[in-house]
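Asker: Dumping the structure here so I can ask a few things about it.
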Ligand SMILES: Cc1ncc(COP(=O)(O)O)c(C=O)c1O
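What follows is the structure, given as structure tokens:
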């Protein structure tokens, strides 16, 4: 068990707000324990936080003290709470050997595809050439000129003229988002994000001090009028959008919508942070609009066009490279380079040498990635259709996962049950800021097909068990009282 650091005390009311509605189909103590455990796991109850006493929580929640005691005991047994006489109960994360995840066989939690077919050959061919990385300091703040040129050429080829000085190489896409957020945002600035969205993006924006507002997106796409209204009404300092194969919905923004969003951002002085980490994952979308920043017009002298594009090799090639980049106007790149040393001192040369070979081989590598994703998407859609026909399963034309709609709001209960059975998943609410999306589940199709089969079996069995329990409880609650 990780030692609890001393953290803030959480009031009973704050905890109950975070917990939200409990699953009525389960015993209260169990449903409450599960919510608390997930909140700790998701970081919404930070490790070290002192939870309210059982008596306080009983009073605030209107539940009996026995219920709360039993609930805390379950969380404690799972290794997420330590209680000491006199100092209350603190949130912790289970240490090695204590978490059921140690023996976890199937990972549906991370949308992490295997190394793209062909990558081994590139690694093998690098051989002797890797010694070039030993010339000079071995790391740098903006990236090798030759790698930046290769990245810039790809943008130019895709319809967005770009020069090497508009590129900064980063340590993955997440690093890029975090650096942009910390450089451009001041404490209390408004930042607009999609709901649902990639959770570590809003984590980074929040950590940079932003006040977040949201705009909805579904598997069918954006409500563009609402997005434009949010930009022109709230005039956020920054908007973070994933317009191609959005994570988790898989939606892509049509060309006309891009032009409207770019124009609205220009008129409101909003910096658009366009995350194109997933943009190369086109399986069979019949159109390609090129980089979003094609639509951006000049905002002002400090922001330039105001469009900052984040790219990464993690999804299209392999996450283990930890290679990403930022494309922006040179003024913005210079600001980012000045700010960067506060967080890290640069990207390693070894990765950059490999990166250049990879970027130059992208068209061929992407065709292979597409073939794997097409096969896995078809397998997962078929398996879910067979085993869970009551769910609404979309068929996205790209990306890495399905944003599935469940027939009742039990996403957290399902992920908890699957977790103890060796299948890790992320519940729908993790993709929101406010605990929404209990009716949704993101299921990546990146695992080997055999794992997809076993995983869907486990999902179906667990869902059936939860549904039976729920039906029984609903029936009981409808029984007339004995008077
Ligand atoms: C939309 C999006 N952006 C960025 C990232 C982070 O990418 P990287 O592994 O390059 O840091 C992810 C990872 O899941 C993602 O889904």
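In my numbering, the protein residues as written are 1 to 483.
Ideal Cβ placement from N, Cα and C applies to all residues, glycine included.
Whether or not the segment 312–328 and the segment 269–289 are in contact is what I'm after, with contact meaning three or more pairs of Cβ atoms, one per stretch, closer than 8 Å; do they touch?
Answerer: In short, these stretches touch, since the Cβ pair count reaches three.
Asker: Can you check DSSP and say which residues form a bridge with residue 168?
Answerer: Its beta-bridge partners are 326.
Asker: Can you round the beta-carbon distance between residue 445 and residue 380 to whole angstroms, since I take them to be within the 8 Å contact cut?
Answerer: That belief holds up - the Cβ atoms of residue 445 and residue 380 are roughly 4 Å apart, short of 8 Å.
Asker: Since residue 355 and residue 112 should fall inside the 8 Å C-beta cutoff, what is the C-beta to C-beta distance between them, to a whole number of angstroms?
Answerer: The Cβ separation is near 18 Å, so there is no contact.
Asker: Whole angstroms are fine: how far does the CA of residue 24 sit from the CA of residue 475?
Answerer: So the two alpha carbons sit approximately 12 Å from each other.
Asker: Starting from residue 423, follow its DSSP beta bridges and name the residues at the other end.
Answerer: Note: residue 423 sits in a beta bridge opposite 106.
Asker: Sort 152, 394, 368, 205 by Cα distance to residue 249 and report the nearest one.
Answerer: Measuring from the Cα of residue 249, the nearest candidate turns out to be 394.
Asker: Under a three-way DSSP split, which group does residue 397 fall into?
Answerer: Three-state result, residue 397: coil.
Asker: When you compare the CB positions of residue 92 and residue 47, do they come within less than 8 Å of one another, or not?
Answerer: In this structure, residue 47 lies closer than 8 Å to residue 92 by Cβ.
Asker: Just how far apart, CA to CA, sit residue 183 and residue 228?
Answerer: Each residue's alpha carbon lies about 25 Å from the other.
Asker: Are residue 333 and residue 465 closer than 8 Å when you measure CB to CB?
Answerer: No; because the gap between Cβ atoms is not below 8 Å, this pair is not in contact.
Asker: So, is residue 448 buried or exposed, given that buried needs 16 or more other C-beta atoms within 10 angstroms?
Answerer: So residue 448 ends up on the exposed side.
Asker: Just mark residue 323 as buried or exposed, buried being the case when its beta carbon has 16 or more other beta carbons within 10 Å.
Answerer: Buried, by the Cβ-count rule.
Asker: What's the gap between the Cα of residue 4 and the Cα of residue 77?
Answerer: With a pLDDT of only 45 at residue 4, under the threshold of 50, the placement of this residue in the model should not be trusted; the figure read from the coordinates follows. Residue 4 and residue 77: Cα-Cα distance of roughly 16 Å.
Asker: Answer yes or no: do residue 340 and residue 179 have a C-beta to C-beta separation smaller than 8 Å?
Answerer: For residue 340 and residue 179, yes; Cβs fall inside 8 Å.
Asker: Taking 7 Å as the cut-off, is the beta-carbon of residue 174 closer than that to any non-hydrogen atom of ligand 1?
Answerer: Yes, since a heavy atom of ligand 1 falls inside the 7 Å radius drawn around the Cβ of residue 174.
Asker: Within 10 Å of its beta-carbon, does residue 310 have 16 or more other beta-carbons around it, so buried, or fewer, so exposed?
Answerer: Answer is buried; the Cβ neighbour count reaches 16.
Asker: The alpha helix (DSSP H) spanning residue 358 covers which residue range?
Answerer: 349–360 is the extent of the alpha helix (DSSP H) around residue 358.
Asker: Do residue 398 and residue 285 have their C-beta atoms within less than 8 Å of each other?
Answerer: Their beta carbons are under 8 Å apart, which means residue 398 touches residue 285 by this criterion.
Asker: If residue 140 sits next to residue 343, beta carbons under 8 Å apart, how far is it from one beta carbon to the other, in whole angstroms?
Answerer: That belief does not hold up - the Cβ atoms of residue 140 and residue 343 are roughly 15 Å apart, past 8 Å.
Asker: Among 133, 236, 392, which one has its Cα closest to the Cα of residue 352?
Answerer: Ranking 133, 236, 392 by Cα distance to residue 352 puts 133 first.
Asker: Between 348, 221, 367, 430, which has its C-alpha nearest residue 116's C-alpha?
Answerer: Per the Cα distances, 367.
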